[in-house]
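Residue numbers (the working numbering), protein chains in the order written: chain F, 1 to 347; chain R, 1 to 347.
2 protein chains.
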Amino acid sequence: MADGRGSRTGTSGGRGSTPGLADVARRAGVSVGLVSRILNGDSTLRTRAETREQVLAAARELNYVPHGAARALRLARAGAVGLVVHDVSNPIHAEIIEGAQEALASSGQVLLLANARELADGGRAFDRLVGEGRIDGLLWQGGGFDFDTALAARASRTLPTLLVNSRPLAEVGSVRLQDEQAAECAVEHLRELGHERIGFLGGRPGSDLSERRKAGYRTAMGTEDEAFVVEQEWDATAGYAAMGELLARGTQPTAVLAANIVLGTGALAAARERGIRVPEELSVVTIHDAWSAAHAWPPLTTVRLPLRAMGRRAVELVLDEPGRPELVLADPPPELLVRASTAPPAD
Amino acid sequence: MADGRGSRTGTSGGRGSTPGLADVARRAGVSVGLVSRILNGDSTLRTRAETREQVLAAARELNYVPHGAARALRLARAGAVGLVVHDVSNPIHAEIIEGAQEALASSGQVLLLANARELADGGRAFDRLVGEGRIDGLLWQGGGFDFDTALAARASRTLPTLLVNSRPLAEVGSVRLQDEQAAECAVEHLRELGHERIGFLGGRPGSDLSERRKAGYRTAMGTEDEAFVVEQEWDATAGYAAMGELLARGTQPTAVLAANIVLGTGALAAARERGIRVPEELSVVTIHDAWSAAHAWPPLTTVRLPLRAMGRRAVELVLDEPGRPELVLADPPPELLVRASTAPPAD
DNA sequence: CTCGGTTGGTATAACGTTTTACCATTCTTG
DNA sequence: CAAGAATGGTAAAACGTTATACCAACCGAG
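Here it is, written out as structure tokens:
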């Protein structure tokens with residue numbers, strides 16, 4: 001057996017050494033295995049209250065914290081979940097991240113954040129994240145790219161994998177929100193105000209998210225008219241450009257539904273730049289809520305979806321649900337938040 | 001020795017098994033140690049090109065990826081860096097995150113994202129992140145709270161730790177940007193336009209970031225006048241409220257410098273809500289750039305700072321710099337981006 | 001007393017790597 | 001042709017956990 005040093009000294013400089021199970025055991029005068037079993041609350045174990053106390057005390061005094069890697073190795077569980085997003089700066093992702101962190105923190109896990117494009121870029125990044133046993137589950141925020149589905153499918157061969165905000169695949173489950181209903185809700189609001197010529201600014205064409213929101217828009221409009229639909233990408237610049245294109249078509253919409261808040265912000269900028277007053281001449285409503293909606297000018301009317309709850313559920317599903325779960329989170333239903341960017345049409 | 005199963009079977013369902021070093025060794029007809037040394041490019045090793053080829057081929061065919069936890073255990077290196085932020089939804093943090101990810105990806109590491117408040121909230125979250133040997137270094141985005149410095153100091157006893165965007169402590173190094181110069185640059189711009197009554201909207205009082213930007217503001221103004229200074233918090237609501245307070249003071253500023261883009265957005269909303277036209281009656285300039293600045297209405301004049309580079313450097317420093325590094329990143333200097341939110345004063 | 005059961009633990013083998021120390025061969029070379 | 005040095009590898013011990021199998025001591029009952 002090893003001699004009783006029992007220290008994990010950091011490589012650099014004068015960092016302190018971390019006590020191991022062996023140190024606790026020595027201090028409590030018991031065996032290593034016993035300490036482990038006590039600390040982990042092994043129910044098959046019968047022990048005197050006295051020794052139990054001694055062990056707990058020793059652990060406390062030494063400030064014992066189990067070594068994650070050793071544990072991960074032994075248990076074949078990493079204690080971490082990976083989350084892949086396309087764009088951290090998107091406030092929508094921020095809320096999902098927070099939800100995921102919440103769920104993880106309460107079950108003692110940590111979050112590993114990765115970038116979709118980096119993983120897609122050929123290198124070893126994907127293998128390092130997925131293959132190395134670093135994570136117990138992978139959440140992939142679908143962006144509508146081919147590599148999204150390809151990589152998620154590949155990951156699912158090794159790990160429990162879940163697509164977030166996206167359509168499920170044959171091999172990979174998913175969790176998403178009531179996007180159609182949210183879009184419907186937004187359009188209803190506009191129609192109740194009296195709007196009839198309503199545009200739709202979507203995100204990346206073909207992406208599940210844009211498709212579903214477009215579907216909701218169509219349902220509420222009761223038409224298949226493409227003249228009012230523009231889909232480009234998910235960033236603000238695209239929202240700006242899409243709004244420009246919609247206006248250039250001469251269809252004269254009196255209102256638009258932007259598929260998310262980032263696009264909505266871009267659309268707002270495009271309208272104002274052309275001297276179109278919002279909401280007097282153009283109403284704008286978006287899906288998702290965030291600080292930037294409330295503090296835009298004019299403050300954006302939005303439909304709030306439970307993004308944070310989705311992040312939470314995603315973690316729970318990927319860790320606890322064995323099969324290929326498929327969930328549309330409906331619990332807090334889409335909620336319309338009326339602000340100043342929508343009003344009855346001028347004429 | 002163990003029998004030759006050589007498979008790491010996931011706990012759940014029908015996931016595939018992952019090959020280990022032993023499988024590669026068996027297939028190549030060599031010993032485990034040799035495979036390890038070849039795969040890691042051990043320079044002290046002399047081997048026939050032939051066996052080397054066989055080993056590499058076997059690894060490739062089996063799609064071998066080393067097991068992270070095993071490696072972490074053996075090497076006492078986690079291959080990950082922790083980043084603690086206060087608010088993921090802040091676009092500034094987003095850029096830092098991206099920079100950090102860039103640097104990590106290129107050195108084969110991953111990013112673990114944690115929430116400052118969760119770590120501060122008593123539970124075991126802090127120990128799990130810092131004590132478990134999950135990370136090789138910790139980056140802490142200072143928010144000006146007491147627990148920020150307290151926890152960073154505590155972490156530094158176990159791990160290389162670096163404060164980001166914050167003043168260094170006695171025990172903990174830091175990396176930050178030329179915030180004073182950026183603020184000066186912004187104020188200079190306003191003064192060149194002819195403004196004299198210039199307000200300063202800061203973030204959390206006492207936070208290093210707010211202090212340094214305020215210092216730059218004062219340097220450029222050449223005054224200690226407090227009448228134009230309001231500091232509250234870092235979120236948009238605070239920016240909105242702070243702008244409201246500044247206006248309520250009756251000091252009649254013709255321009256304001258908002259300490260960051262989130263505050264600037266809030267300020268913009270507060271001004272417009274009071275019918276104050278920007279930039280005709282009030283110029284607004286902020287520090288940091290992001291999509292929401294370019295697409296605000298009016299588009300915000302900003303001073304761009306190399307946030308992404310800071311994220312990158314932070315990772316490099318925390319991993320490679322042994323001591324207590326202290327860096328003010330000056331390389332791409334602050335850059336003024338003039339947009340439509342600033343103009344000469346009306347009168 | 002002796003047999004079986006309970007009580008309260010211990011010893012040991014993994015988990016998958018990396019590394020150190022060692023060892024057969026085969027070449028040189030004096 | 002023996003001694004030493006290359007050459008090309010192998011065996012085994014860690015790293016810190018957890019789980020399984022075992023075991024000593026004591027107790028009560030037959």
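We put the beta carbon where it would ideally sit given N, CA and C, even for glycine.
Quick caveat: nothing in here was measured; it's all calculated off a predicted structure.
DSSP places G239 (chain R) within a helical segment (H, G or I) once states are collapsed to three. L336 (chain R) places its beta carbon less than 9 Å from that of T301 (chain R). Around the beta carbon of E95 (chain R), 16 or more other beta carbons lie within 10 angstroms, which makes this residue buried. R304 (chain F): member of the beta strand (DSSP E) spanning T301 to R304, first to last residue. In this structure, the alpha-carbon of R197 (chain F) lies about 12 Å from that of E281 (chain F). Using a Cβ distance threshold of 9 Å, L138 (chain R) and V84 (chain R) count as a contacting pair. Between S341 (chain R) and chain F, the shortest Cβ-Cβ separation is not below 9 Å. When the Cα atoms are used, R277 (chain R) and A114 (chain R) turn out to be separated by approximately 40 Å. Residue environment analysis places R272 (chain R) among the buried positions, since at least 16 neighbouring C-beta atoms fall within 10 angstroms of its C-beta. Between the alpha carbons of L209 (chain F) and V315 (chain F) lies a gap of roughly 20 Å. DSSP places W234 (chain R) outside both helix and strand once states are collapsed to three, so it counts as coil.
Contact of V284 (chain F) with chain R is not assigned, every C-beta pair being separated by 9 Å or more. Under the three-state reduction of DSSP output, G137 (chain R) falls in the strand class.
Contact residues of the stretch 94 to 105 of chain F toward chain R are A94, E95, I97, E98, Q101, E102 and A105 (C-beta to C-beta distance below 9 Å).
Nearest Cα to D23 (chain R) within the set R:D42, R:V65, R:R74 and R:G199: R:V65.
By the C-beta density criterion, R204 (chain R) is buried, having at least 16 other C-beta atoms within 10 angstroms.
Following the DSSP letters along the chain, one finds R117 (chain F) inside the alpha helix (DSSP H) bounded by residues A116 to A120. Non-local beta-carbon contacts of R308 (chain F) in its own chain, meaning distances under 8 Å to residues more than five positions away in sequence, involve E95, I96, E98, G99 and E102 in chain order. Residue environment for E192 (chain F): exposed (fewer than 16 other C-beta atoms within 10 angstroms of its C-beta). Interface with chain R (9 Å Cβ-Cβ cutoff): S292 (chain F) is included. Between D235 (chain F) and chain R, the shortest Cβ-Cβ separation is below 9 Å.
Look at R274 (chain R) here: in three-state DSSP terms it is coil, with no helix or strand label. Residue burial is scored here from C-beta neighbours: G20 (chain R) has at least 16 other C-beta atoms within 10 angstroms and is therefore classed as buried. By the CB criterion at 9 Å, S283 (chain R) and P325 (chain R) fall outside the cutoff. If you compare the alpha carbons of R:A330, R:P322 and R:W297 with that of S341 (chain R), the shortest gap goes to R:W297. At a cut-off of 4 residues, the continuous stretches assigned as alpha helix (DSSP H) that sit fully inside the stretch 143 to 209 of chain R are 146 to 156 and 179 to 193. A255 (chain F) is bridged by DSSP to F:I198 and F:S283.
Neighbours of R213 (chain F) in chain R, taken as residues at a C-beta separation under 9 Å, are lacking, since the least C-beta distance is about 20 Å. Residue state for T47 (chain R) is assigned as coil, using DSSP reduced to three classes. Membership of V35 (chain F) in the alpha helix (DSSP H) is indicated by the continuous run V32 to L39. Residue environment: G41 (chain R) is assigned as exposed (fewer than 16 neighbouring CB atoms within 10 Å of its CB, all protein chains considered).
Within chain F, no C-beta atom comes less than 9 Å from the C-beta of P325 (chain R); the nearest is roughly 12 Å away. Rounded to whole angstroms, G108 (chain F) and G122 (chain F) show a C-alpha spacing of 32 Å. Any Cβ of chain F closer than 9 Å to the Cβ of D127 (chain R) would place that residue at the interface, and such an atom is present. With 16 or more other Cβ atoms inside 10 Å of its own Cβ, G199 (chain R) counts as buried. Excluding residues up to 5 positions away in sequence, D208 lie with their Cβ nearer than 6 Å to the Cβ of R167 (chain F) in the same chain.
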